[in-house]
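Data first, discussion second: the structure below is written as structure tokens.
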Amino acid sequence: DAKTTQPNSMESNEEEPVHLPCNHSTISGTDYIHWYRQLPSQGPEYVIHGLTSNVNNRMASLAIAEDRKSSTLILHRATLRDAAVYYCILRDVTTGTASKLTFGTGTRLQVTL
Amino acid sequence: NAGVTQTPKFRILKIGQSMTLQCAQDMNHNYMYWYRQDPGMGLKLIYYSVGAGITDKGEVPNGYNVSRSTTEDFPLRLELAAPSQTSVYFCASSPPGQGREGYTFGSGTRLTVV
């Protein structure tokens, strides 16, 4: 499985934008880029995913580099409720595979007042 | 929709005891997964299933068994509990979109083996 590299931790002030980076230099053409987050004492929660183009949804935006070797999850206005561990995961979409998610240790985001 | 429901939420087992962690989803998802998460670590895949009657091993299957008799249910069985199985267990499901859709996770079962 192609691997991802994320910083262990990041800090942000409330109401400010947050850019969470992810490197995936060995990404293959059949890998989707998925982001999940895990709030304290909860199960992971799907945030967003993309293949080649930038994506927006109600939770966040995903910016994907042109060569797809890196991506950035953007929280436009961080709140205290966004404090969580954020996981960047590559998911193979090759037909016939079970398309499993492999979790790393993610980035722990702290949000302060 | 309830999503993915896991029971029990907490359990303490003695070494050598057995138990079944229950997982049910009401979204008609074909794919289901069991993960474990040790303190401070990411999730590791134990078993997964692509449909009723079909299961396969993940990264850390030793000490566990699964079955998938219906689309909705995917129980995880621990036969002889060991302290190394103390962990938080998460069940998840996804539609068969081959990576184009997200997973839905349950809220977890916190298991302690003493």
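These protein sequence lines are chains X and V, in that order. Quick note, this note's numbering runs 43 ahead of the 1-based positions in the first sequence. Quick note, this note's numbering runs 393 ahead of the 1-based positions in the second sequence. Where is the CB? At the ideal position from N, CA and C, for every residue including glycine.
task: Starting from the beta carbon of GLY149/X, find every residue of chain V whose beta carbon is closer than 9 angstroms, and list them in chain order.
output: Chain V residues near GLY149/X: GLY435.
query: Within 9 angstroms (strictly less), CB to CB, does PHE483/V reach chain X?
result: Yes, PHE483/V counts as interfacial toward chain X.
Span of the beta strand (DSSP E), counted from its first residue to its last, around HIS119/X: Note, HIS119/X: premise wrong, no beta strand (DSSP E); not H, not E.
field: CA-to-CA distance, TYR440/V to LYS450/V, given in whole angstroms
entry: C-alpha separation (whole angstroms): 5 angstroms.
task: Please report the Cβ distance between GLU54/X and ARG120/X, rounded to the nearest whole angstrom; I am assuming they are in contact, meaning their Cβ atoms lie under 8 angstroms.
output: Not really, about 15 angstroms apart at Cβ, beyond 8 angstroms.
Whole-angstrom C-beta distance between THR150/X and LEU63/X, which should lie under 8 angstroms: Contact flag correct, Cβ pair sits at about 6 angstroms.
C-beta neighbour in chain V for LYS112/X, strict 9 angstroms: No, no contact with chain V.
Boundaries of the beta strand (DSSP E) in which PRO64/X is found, first to last residue: Run containing PRO64/X: 61-66, per the beta strand (DSSP E) assignment.
message: Three or more C-beta pairs under 8 angstroms: does that hold for the segment 456-466 of chain V against the segment 116-134 of chain X?
response: Pairwise C-beta distances place the segment 456-466 of chain V out of contact with the segment 116-134 of chain X, as fewer than three of them are shorter than 8 angstroms.
- prompt: In whole angstroms, what is the alpha-carbon distance linking GLY86/X and PRO60/X?
  reply: Separation of GLY86/X and PRO60/X (C-alpha to C-alpha, rounded to the nearest whole angstrom) is 24 angstroms.
message: So GLN85/X contacts chain A; which residues on that side make the cut at Cβ distance below 8 angstroms?
response: Absent from the structure: chain A. Protein chains present are X and V.
query: Along the segment 446-458 of chain V, what residues have a CB closer than 9 angstroms to any CB found in chain X?
result: Cβ contacts with chain X: ASP449, GLY451 and GLU452.
query: By DSSP, does GLN399/V sit in helix, in strand, or in coil?
result: Reduced to three states, the DSSP call for GLN399/V is strand.
message: Is it the case that the segment 394-408 of chain V contacts the segment 464-475 of chain V, given that we only count it when at least three CB pairs across the two stretches are under 8 angstroms?
response: In the pairwise beta carbon analysis, the segment 464-475 of chain V is classified as touching the segment 394-408 of chain V: at least three pairs are separated by under 8 angstroms.
task: For LYS143/X, go through chain V and note every residue whose CB falls closer than 8 angstroms to its CB, in chain order.
output: Going along chain V in sequence order, the residues near LYS143/X (Cβ under 8 angstroms) are TYR426, LEU438, TYR441 and GLY451.
task: Assign GLN153/X to one of two classes, buried (16 or more other C-beta atoms within 10 Å of its C-beta) or exposed (fewer than that).
output: Result: exposed.
- prompt: Start and end of the beta strand (DSSP E) containing VAL481/V?
  reply: Looking at the DSSP string, the run of the beta strand (DSSP E) that includes VAL481/V is 480-487.
- prompt: At what residue ranges does the segment 429-457 of chain V contain a whole run of the beta strand (DSSP E), taking only runs of 3 or more?
  reply: As summarised for the segment 429-457 of chain V, the continuous beta strand (DSSP E) elements at least 3 residues long and confined to that stretch are 436-444 and 447-450, given in chain order.
query: Helix, strand or coil for ARG124/X per DSSP?
result: Reduced to three states, the DSSP call for ARG124/X is helix.
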